[in-house]
Amino acid sequence: MVCVISTDMSLYFDYKLQNLDSSSINTLIEWHTQHLLLAVASFSREKGGFVTLFDELGEVVQGVNFPRHPVAQATALSWHPVKKLLVTGWENGQIEAWGGEKDFVSVQSPHRDAITILQWSEQGGRLVSADGVSLLYDQCFYMPGKLAGSLVGSKVDARGQILTLFHHELKDPLVHITFRKNQPGIDIR
Numbered sequence: 002m003v004c005v006i007s008t009d010m011s012l013y014f015d016y017k018l019q020n021l022d023s024s025s026i027n028t029l030i031e032w033h034t035q036h037l038l039l040a041v042a043s044f045s046r047e048k049g050g051f052v053t054l055f056d057e058l059g060e061v062v063q064g065v066n067f068p069r070h071p072v073a074q075a076t077a078l079s080w081h082p083v084k085k086l087l088v089t090g091w092e093n094g095q096i097e098a099w100g101g102e103k104d105f106v107s108v109q110s111p112h113r114d115a116i117t118i119l120q121w122s123e124q125g126g127r128l129v130s131a132d133g134v135s136l137l138y139d140q141c142f143y144m145p146g147k148l149a150g151s152l153v154g155s156k157v158d159a160r161g162q163i164l165t166l167f168h169h170e171l172k173d174p175l176v177h178i179t180f181r182k183n184q185p186g187i188d189i190r
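Just so we're on the same page, our numbering is the position in the sequence shown counted from 1, plus 1.
Here it is as structure tokens:
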């Protein structure tokens, strides 16, 4: 947590996170840039993969049913740059979203393999996701004979649902996606 005292000085507080499962390991972590929320993906052999949200004091956000997968782990986390909206990608190709409500919701997606990238455009007008096997993930997700991936572009509608705009099957998996920086206030619509 950062508490700004003046424009010349910042004060930082160190809080220990209370992990929900002491036998788990934390695999991913992602701060929201505008809301004081931290998403942590974890995995344990007993419970599988799960995502937990923490507030600025390191306490678990109450009233949220966190996603759990008995055999899959979260492979990507991405906060919307402005909204309180977290998108999670899993090694089974599933994508789930949390928009501040009680439950994470499953996002309809053509992905079939491990989600390797979740990236929002600068203002949050578009979400791009990629799956497949990449050299960066060979030890975790290696599938013999599988050297392809797919790319999906989505947007958030007025009701907060994530809708697929395009889907491309690729010969090779993607390892990085970037959006061109726009002038302030302009974003892909």
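Note that beta-carbon positions come from the ideal geometry of N, C-alpha and C, so glycine has one too.
Asked, Found
"Isoleucine 96 versus Gly154, Glu123, Val62, residue with shortest Cα-Cα distance", "Gly154"
"Sequence-distant residues of its chain with Cβ nearer than 6 Å to valine 88 (five each side left out)", "Ser79, Ala98, Leu119"
"Min CB distance leucine 128 to chain D below 7 Å", "Of the protein chains in this structure there is only one, and it is not chain D."
"Classification of glutamine 35 by the beta-carbon crowding that lies within 10 angstroms, buried from 16 upward", "exposed"
"Under the three-state DSSP convention, the category threonine 53 falls into", "strand"
"Residue(s) in a DSSP beta bridge with phenylalanine 167", "Gly154"
"Run of the beta strand (DSSP E) containing asparagine 27, from where it starts to where it stops", "26 to 32"
"Isoleucine 26 to serine 45 span [Cα, whole Å]", "6 Å"
"Element boundaries [beta strand (DSSP E), containing valine 176]", "That residue, valine 176, is in no beta strand (DSSP E); it is neither H nor E in DSSP."
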